[in-house]
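According to the numbering used here, the sequence shown holds residues 63 to 396 in order.
The beta carbon of each residue, even a glycine, is placed where N, CA and C say it ideally should be.
Keep in mind that this is a model prediction, so the values were computed, not measured.
I have placed the structure first, in the form of structure tokens, so that the comments after it can refer back to it.
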Amino acid sequence: MHTQTLQHPSNKPRPALRLVGTKQLPREDWLAVRKQGIGSSDAAAAVGLNPYKSQLELWLEKTGRDTSLPKLDPQDEDSPAYWGNILEPIVATHYSRRSGHRVRRINAVLQHPDPKLAWMLANIDREVIGAPEVQILECKTAGINGARLWKEGVPEYVQLQVMHQLAVTGKQAADVAVLLGGQHLEVHRIERDESMIARLIDLERLFWDYVVSDTPPQADGTASADAALRCLYPEDNGQTLDFSQQTELASTYLELKAVRQRIAQQETREAQLKQVLQQAMGEATRAEFAEGYISWKKSKDSLGLDVEQMLKDKPYLQARYPKIKTGSRRFLIG
């Protein structure tokens, strides 16, 4: 999806409803409210276009099946989300200085005014005051690694988040202010696009039908979907199913076997090529080519704990400090 110039609708969109105030709302209650619908930060995942979260993981969250999935700790200083919250007011302040626009918090979960779309919710970082050309400010931060996603402008998943906000609020435009690498601020304008909003609503409705009908969407091959499947089906029951007469599943099984065989062959070839170069290098640290280089360098020694030897010397420690490692299901092909 790509943003376009605003196409004015014949009927002026209605403003959003205030579903619940968030100024004094505990985080647990806020998370519970979010399960009542699709929020703006859920939009890209709901339509299968979030690089970090699959439809299946989002479905687990909305249906309350995500208890065993890793959760973001809002106080974890190593989390990008933590620094995003810390830096949000700073980004908003510098946006105001650069643009000359005043902004203010809304402190509410907003809801689409159409009763048929009551599942469309939105949290807005800031409202832009007194600027006829723009009404919403979305604040973002991106570290060294995340900044690469902004090289071509606003990433698609952020565009969808903002278009969802415009759909819910009826507003005409939003600015996205992003702080890249902690020192470079960019501001991007996203205009309301009625055709994109209509398509987004159709796709989000399909996802919400999965939630309402309690039907999991298809896994998409991502790490997020893998974690979601392990969360959804953590235990096996010993039952054996016969898929031999199910053509589609039988075809999937044969294709998976063929793909794994090709991967094994490629991994063997990779190892052979690597070893040819390693043998040619000998004790050298680096070798250069016209197209690039390779390095084969010893890492620094480190000091660790030899747990195996310690338990041999002092076996009573294992009984004194037991730790159960939860088993996980292994997927094998025969």
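Enclosing beta strand (DSSP E) for residue i [first to last residue]
i: leucine 241; result: 235-242
i: leucine 247; result: 246-253
i: isoleucine 206; result: First-last for isoleucine 206: undefined, no H or E at that position.
Cα-Cα separation between residue i and residue j, rounded to whole angstroms
i: histidine 174; j: threonine 231; result: 7 Å
i: threonine 284; j: proline 132; result: 16 Å
i: leucine 247; j: leucine 179; result: 35 Å
i: arginine 391; j: threonine 302; result: 15 Å
i: glycine 162; j: tryptophan 358; result: 54 Å
i: arginine 382; j: glycine 389; result: 21 Å
i: glycine 354; j: glutamine 337; result: 18 Å
i: lysine 85; j: alanine 170; result: 7 Å
i: glutamine 69; j: proline 113; result: Unreliable placement is indicated for glutamine 69, whose pLDDT of 43 sits below 50; the coordinate value is still reported in the next sentence. Cα to Cα, the separation comes out at about 29 Å.
i: arginine 127; j: glutamate 90; result: 16 Å
i: tryptophan 212; j: isoleucine 206; result: 11 Å
i: tryptophan 181; j: isoleucine 263; result: 11 Å
i: valine 190; j: aspartate 138; result: 30 Å
i: lysine 397; j: glutamine 380; result: Nothing in the structure corresponds to residue 397, since the chain is present only between 63 and 396.
i: proline 177; j: aspartate 288; result: 35 Å
i: lysine 360; j: threonine 129; result: 42 Å
i: valine 109; j: glutamine 245; result: 32 Å
i: threonine 314; j: glutamine 280; result: 14 Å
i: aspartate 135; j: serine 141; result: 8 Å
i: glutamate 297; j: arginine 167; result: 45 Å
i: proline 151; j: glutamate 266; result: 30 Å
i: leucine 268; j: glutamate 123; result: 16 Å
i: alanine 352; j: serine 286; result: 39 Å
i: arginine 331; j: isoleucine 325; result: 10 Å
i: lysine 362; j: threonine 203; result: 34 Å
i: lysine 387; j: leucine 93; result: 30 Å
i: leucine 228; j: glutamate 329; result: 48 Å
i: threonine 277; j: arginine 292; result: 17 Å
Alpha helix (DSSP H) segment containing residue i, residue limits
i: glutamate 370; result: 369-375
i: glutamate 214; result: From DSSP, glutamate 214 is part of no alpha helix (DSSP H); its letter is neither H nor E.
i: valine 274; result: 256-275
i: glutamate 310; result: 309-343
i: arginine 89; result: 89-96
i: alanine 106; result: 105-108
Close beta carbons around residue i, own chain, < 8 Å, minus the five adjacent residues each side
i: lysine 319; result: Ile395
i: alanine 78; result: Leu172, Gln173, His174, Pro175, Ala184, Val230, Thr231, Gly232
i: alanine 312; result: Phe305, Ser306
i: methionine 343; result: Ala349, Ile356, Trp358
i: arginine 322; result: Ile395
i: threonine 347; result: Ser357, Trp358, Lys359
i: serine 103; result: Asn185, Gln223
Three-state secondary structure assigned by DSSP to residue i
i: valine 82; result: strand
i: leucine 122; result: helix
i: valine 171; result: strand
i: histidine 163; result: coil
i: valine 196; result: coil
i: alanine 287; result: helix
i: valine 190; result: strand
i: isoleucine 386; result: coil
i: alanine 281; result: coil
i: proline 136; result: coil
i: leucine 303; result: coil
i: glycine 146; result: helix
i: alanine 229; result: helix
i: tyrosine 295; result: coil
i: serine 158; result: helix
i: leucine 222; result: helix
i: aspartate 346; result: Looking at the sequence provided, one finds alanine at residue 346 rather than aspartate. Looking at alanine 346 - three-state DSSP - the assignment turns out to be coil, as it is neither helix nor strand.
Contact set for residue i: own chain, Cβ-Cβ below 6 Å, skip 5 residues either direction
i: aspartate 237; result: Val196, Leu199, Val249, Arg251
i: valine 153; result: Cys201, Ala239, Leu241
i: alanine 107; result: Lys115, Leu120
i: alanine 209; result: Leu242, Gly243
i: alanine 143; result: Leu134
Close Cβ partners of residue i (< 7 Å) along its chain, the five nearest in sequence each way excluded
i: valine 216; result: Val238, His250, Ile252
i: glycine 55; result: One cannot answer for residue 55 here, as it falls past the ends of the chain, which runs 63 to 396.
i: aspartate 368; result: none
i: methionine 63; result: Confidence is the limiting factor: at methionine 63 the pLDDT is only 45, short of 50, which leaves the residue's position unreliable, though a coordinate-based value still follows. Counting only Cβ-Cβ distances below 7 Å, and skipping sequence neighbours, we find Glu218, Gln221, Leu222, Met258.
i: valine 224; result: Glu200, Ala236, Val238, Ile252
i: tryptophan 270; result: Ile100, Trp181
i: serine 158; result: Arg164, Val165
Residues bridged to residue i [DSSP beta-bridge criterion]
i: phenylalanine 351; result: Gly354
i: lysine 115; result: Its beta-bridge partners do not exist; DSSP assigns none.
i: leucine 183; result: Gln173
i: valine 153; result: Looking at the DSSP assignment, valine 153 forms no beta bridge with any residue, so it has no partner.
i: arginine 127; result: In the DSSP output, where bridge partners are listed per residue, arginine 127 has none listed.
i: isoleucine 395; result: Bridge partners of isoleucine 395: none, in fact.
i: isoleucine 100; result: Met182
i: cysteine 201; result: Ala239
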